[in-house]
Amino acid sequence: MSISAPCTLKYVPHAVLKLLENIPYPWEQVREAPVLYHITGAITFVNETPRVIEPAYHAQWASMWLAMCCEKRDRRHFKSMRFPPFDHEEPPLDYGDNILDVEPLEAIQLDLDEQEDAPIFEWFYDPKPLIDNPACTVAKWKDAVEQNGGLSTVIDLPSWLARTTLDAIGRAAFDHDFGAIDEKAVELSVVYKNLL
Numbered sequence: 804m805s806i807s808a809p810c811t812l813k814y815v816p817h818a819v820l821k822l823l824e825n826i827p828y829p830w831e832q833v834r835e836a837p838v839l840y841h842i843t844g845a846i847t848f849v850n851e852t853p854r855v856i857e858p859a860y861h862a863q864w865a866s867m868w869l870a871m872c873c874e875k876r877d878r879r880h881f882k883s884m885r886f887p888p889f890d891h892e893e894p895p896l897d898y899g900d901n902i903l904d905v906e907p908l909e910a911i912q913l914d915l916d917e918q919e920d921a922p923i924f925e926w927f928y929d930p931k932p933l934i935d936n937p938a939c940t941v942a943k944w945k946d947a948v949e950q951n952g953g954l955s956t957v958i959d960l961p962s963w964l965a966r967t968t969l970d971a972i973g974r975a976a977f978d979h980d981f982g983a984i985d986e987k988a989v990e991l992s993v994v995y996k997n998l999l
């Protein structure tokens, strides 16, 4: 975020919010995000709103809790801090000299076993996990919007949520994919659709 004109001060809270929204999570080493520059160079915004799938996001943060318990023991990423943290005699840090060429710290991640953690191994630490998974309702909604040329699209939420619920019950309780989200012609899926 940079500011060079007094008239842009009213946008500073929003610019700070967008910056904070896009700070890398502990399991990410770096995060790339599109940036929006004002034509005069008056202000810069991070131009992305992070979107997550809530259960996956909760699982990632739960894994961080486990990783931080190990971190307290091993102290690989964080060092003890001396107080006071800043000395008033100390000159301010120069970005170009002290920060620009510093390599980012390695990401904090649990060591996943490819066999034992097979269901989550491929996607767990992805920046946007499961977003492009065909079973994910969000991906289907994205396709519906793109088919309409990116214009506003009407999505029948009750129908989608009912089909998502049927698939969730099938996977969780019966270890079976009813294919309701994909609109497969499975007998139970067709009967369920006709009930609604």
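Sequential numbering from 804 applies to the sequence shown in this note's numbering.
Each residue gets a CB set at the ideal place from its N, CA and C atoms; glycine is no exception.
Just so you know, these numbers come straight off a predicted model, no measurement behind them.
If you run the structure through DSSP and keep just helix, strand and coil, what is Thr1000?
The question about residue 1000 has no answer, for the chain in this structure spans 804 to 999.
Could you check what DSSP says for Val957 in three-state terms: helix, strand or coil?
Coil at Val957, not helix or strand.
Can you tell me the Cβ-Cβ gap for Pro930 and Glu831, rounded? I've got them flagged as a contact below 8 angstroms.
6 angstroms
I'd like to know whether the C-beta atoms of Ala818 and Phe848 end up nearer to each other than 9 angstroms.
A contact, by the Cβ cut-off of 9 angstroms.
Would you kindly work out how many angstroms separate the C-alpha atoms of Leu812 and Asp946, rounded to a whole number?
38 angstroms
Excluding five sequence neighbours on each side, which residues of the same chain lie with their C-beta closer than 6 angstroms to the C-beta of Pro894?
For Pro894, where only same-chain residues beyond five positions count, there are no Cβ hits under 6 angstroms.
Taking the alpha helix (DSSP H) that Val815 falls in, what are its first and last residues?
Val815 to Glu824
Check each candidate in Glu919, Pro827 and Ile984 and name the one with the smallest Cα separation from Asp959.
Ile984
Tell me the DSSP secondary structure of Val833 in three-state form.
Here Val833 sits in coil by DSSP.
Residues in its own chain within less than 8 angstroms of Ile826 by CB, not counting five upstream and five downstream?
Listed in chain order, the non-local C-beta contacts of Ile826 below 8 angstroms within the same chain comprise Arg834, local neighbours out to five positions each way being set aside.
On the CB-based measure, 16 or more other CB atoms within 10 Å of its CB, does Asp877 come out buried or exposed?
By the Cβ-count criterion, Asp877 is exposed, with fewer than 16 other Cβ atoms from all chains shown falling within 10 Å of its own Cβ.
Thinking just about the alpha-carbon of each residue, which of Gln863, Glu917 and Trp926 is nearest to the one in Ile911?
Just measuring C-alpha positions, the residue of Gln863, Glu917 and Trp926 sitting nearest Ile911 is Gln863.
In whole angstroms, what separates the C-alpha of Ala965 from that of Glu917?
33 angstroms
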